[in-house]
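Residue 1703 in our numbering sits at position 213 of the sequence shown, with consecutive numbering throughout. What follows is one structure encoded as structure tokens, with my remarks underneath.
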Amino acid sequence: MSNVVYLNVPGPRERRAARSGALIRSFAAHRRGPEDVFWLKENAELLNILECTGQEVPATLLEPYGAFYDNAREKLAFFPQYYRFILSLTLDLEALGMPGDHAESMCAWALRQDLVGGETSDIQRAEAFRLMQRRGMDPLGDQGAAEARLRDFIARPERFALPNKKAAFELTHIVFYLSEYGRKDPDLGPNELRSLENAGLLAFLDGNLDLLAEICVAMRYAGFNPSGIWEEWINCKMSEFEISELDAGQPGQRPVADVYHEYLTSSWLAGVQGKTPFGEVPLRRRGQSGALAIHRPRAGSAALREISVQLFRMDDRSDAWAAMRSQIGANLTDTARARLAQAEASTGHFEAFFEEFARAQKVSA
């Protein structure tokens, strides 16, 4: 006679759901209070990634958002200036399985109040359009004109060969909205692809994990394959994240000053690649608070700054990469020189990128 011991070991699907639930608990209840606008921002980002990567989230794991969802209409009425965050949260909660249909009436109210009329940016208007279109509503009427301006903006690759993080993030978000977060072909041409490549080269040289992950996601949503060198570097950086759970009874240690956004965007890319996102999240242990702190080792100095300093000091600089390669490389640290070589190898358009990046033109008198 033998004794058979049955172990209730969760399978891969259950572990994925548990990790999503751990993130939800931390973001919804332990990072910031719901009255903080950054609570809206951080939770909207998390839910958007869970939704657009097709993560299965059991309804019970959405319970930490119950109070927000129940009062979402009142919050929208009192904080209409944050309507895009509030609509995004509500729409994604319903898409993930939250029972209810608040989003439709909230979109209709935002439409009647002409909240999009208060936007000063075509990018913000495009986001509002994308949100309300999820309930079949058009807040613009002239969406074609706004889209044409956005397409003109991203079809100028020379703009994205110069360090400008704000413009680079705007580029990725335009592609997200045009592609409806990967749901349709955004119909990008070679110039738009070059814009993404130029922005990606700068992000890679700068060691900007956050931005480079978004650029790779945008390229994949547009039907292009990002550089394998870029994605390999991002995957390597993913292994550096340290996610720890604070002990119960430590309410003063809310982990708000961490690298959560880098973690979300690189996990987003993993999901778009068909991998399992959020694999580093620890499953909750008894006696723990549920508050997660997300950190990774501090990065060293970026190659981009070294290269820019060298170029700025060269009065006779040329925009010809073949002529400048050895001259620039001779004055870089070994780390920056290796990074520059990787960047050159990551694209077939490095010479064209350098023509703009060198800024060799003179301002005539």
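From the three backbone atoms N, C-alpha and C, an ideal C-beta is built for every residue, glycine too. In this text the structure is predicted, and so the values were computed from the model without any measurement.
Environment of residue i [buried if 16+ CB atoms lie within 10 Å]
i	result
V1853	exposed
Q1740	Any reading at Q1740 must be qualified, since the residue scores a pLDDT of 48, below 50, and its modelled position is unreliable; no value is offered.
F1840	buried
C1542	buried
C1706	buried
R1918	What is shown of the chain runs 1491 to 1855, which leaves residue 1918 out entirely.
Q1743	Note that Q1743 has pLDDT 45, beneath the 50 cutoff, so the model's placement of it is unreliable and the number below is only indicative. Flag for Q1743 reads exposed.
P1787	exposed
R1602	exposed
C1726	exposed
K1765	exposed
T1610	exposed
P1647	buried
F1528	exposed
M1511	It is worth fixing the name first, because residue 1511 is Gly in this sequence and not Met. Buried, by the Cβ-count rule.
V1495	Its pLDDT being 44, under 50, V1495 is placed unreliably in this model, and the value from its coordinates should be taken loosely. Exposed is the call here.
E1525	exposed
T1550	exposed
T1662	buried
V1665	buried
M1491	For M1491, the predicted model reports a pLDDT of 45, less than 50, meaning its position is unreliable and no value from the coordinates is stated.
E1660	buried
S1729	exposed
R1509	buried
A1567	exposed
S1791	exposed
E1564	exposed
D1612	buried
T1823	exposed
Span of the alpha helix (DSSP H) around residue i
i	result
D1582	Y1573 to L1586
Q1800	A1793 to F1802
G1662	Note that residue 1662 is Thr in the sequence shown here, rather than Gly. K1655 to L1668 is the span of the alpha helix (DSSP H), which, as asked, contains T1662.
F1843	F1840 to F1847
Q1763	Premise fails: Q1763 is in no alpha helix (DSSP H) and is neither H nor E.
G1690	P1680 to D1696
A1820	Segment: none, A1820 is in no alpha helix (DSSP H) and carries neither H nor E.
F1619	D1612 to Q1623
R1641	Q1633 to I1644
R1602	H1592 to R1602
Interface flag, residue i vs chain C, CB-CB below 8 Å
i	result
E1660	Looking for chain C here will not work: only one protein chain is present.
Nearest-angstrom beta carbon gap, residue j and residue i [assumed within contact, 8 Å]
i	j	result
L1695	F1714	So it is not a contact: roughly 20 Å between Cβ atoms.
R1673	L1621	That belief does not hold up - the Cβ atoms of R1673 and L1621 are roughly 14 Å apart, past 8 Å.
P1629	V1606	4 Å
F1843	A1689	In fact, because the Cβ distance is near 10 Å, the residues do not count as touching under 8 Å.
G1819	L1801	Rounded, the Cβ-Cβ distance is 12 Å, inconsistent with contact.
L1699	I1724	6 Å
A1826	E1796	4 Å
A1616	A1636	6 Å
L1577	A1600	7 Å
L1736	A1781	4 Å
L1579	L1530	7 Å
P1676	S1669	4 Å
R1521	E1532	6 Å
E1535	A1507	Contact doesn't hold; Cβ gap of about 19 Å is too wide.
A1850	R1807	5 Å
R1624	L1586	Actually they do not touch by this definition, with Cβ atoms about 13 Å apart.
Residues bridged to residue i [DSSP beta-bridge criterion]
i	result
A1835	The partner list for A1835 (beta bridge, DSSP) is empty, contrary to what the question assumes.
H1785	E1732
Margin query: Just to confirm the assignment: which complete alpha helix (DSSP H) runs, minimum length 4, are found wholly within the stretch 1514-1565?
Written below: 1527-1542 and 1556-1560
Which whole runs of the alpha helix (DSSP H) in the stretch 1697-1725 are 4 residues long or more, in chain order?
-> 1699-1711
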